[in-house]
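Right, one structure below, let's go through it.
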Amino acid sequence: MIKKSVLPKQSILDVTLQHSGTIEQLFDVMKANGLFELPIETMAVFYIPSVVQKDIVDYYIKENKQPASIDNNDEGAFSNGFSNGFL
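Numbering of the sequence shown is given in my numbering, commencing with residue 35 and proceeding in unit increments.
This is how it looks when you write it as structure tokens:
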């Protein structure tokens with residue numbers, strides 16, 4: 035198991051992709067960290083069970099890229115006039 039730091043604005047998807055190389059590891063990462071309801075922003079480090087797509091992980095390392103897709107100003111899918119009357 036690999037222990038990785040969570041950066042500001044990183045989502046669980048970002049961390050999973052960056053450090054395991056695939057989103058397919060999402061549920062394994064959530065299980066390894068006891069997460070199914072807790073927002074990732076409350077965590078300083080994350081455990082990655084294994085690297086699946088090493089070429090993708092190596093790309094993030096080589097290019098010094100760290101995905102961070104959380105937008106604190108985003109109101110979500112049901113904003114900006116979207117009708118949620120079907121709920």
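From the three backbone atoms N, C-alpha and C, an ideal C-beta is built for every residue, glycine too.
As assigned by DSSP and simplified to three states, the class of residue i
i      : result
Asn114 : Summary for Asn114: the model assigns pLDDT 45, below 50, so the residue's position carries little reliability; its value from the coordinates is reported in the next sentence. Coil, per DSSP.
Ser39  : strand
Gln59  : helix
Ile46  : helix
Ser103 : coil
Leu51  : helix
Rounded straight-line distance, which links the Cα of residue j to that of residue i
i     : j     : result
Asn98 : Ala66 : 25 Å
Ser45 : Asp92 : 20 Å
Beta-carbon spacing of residue i, residue j below 8 Å
i     : j     : result
Leu69 : Ile57 : no
Gly55 : Val85 : yes
Contacts around residue i, its chain only, beta-carbon distance under 8 Å, and the 5 residues preceding and following it disregarded
i     : result
Leu25 : Since the first residue shown for the chain is 35 and the last is 121, residue 25 is missing from the structure and cannot be characterised.
Thr50 : Thr56, Ile57, Gln59, Leu60, Val63 and Ile82
Lys43 : Ala102, Ser103, Ile104, Asp105 and Asn106
6 Å CB neighbourhood of residue i in its chain, flanking five on each side removed
i     : result
His53 : Lys38 and Ile82
Gln87 : Gly55 and Thr56
Pro94 : A small fix is needed here, since residue 94 is Tyr in this sequence, not Pro. Hits under 6 Å: Gln52.
Ile90 : Gly55
**Item:** alpha helix (DSSP H) segments (min. 4 residues) lying fully within the segment 74–98
**Value:** 88–96
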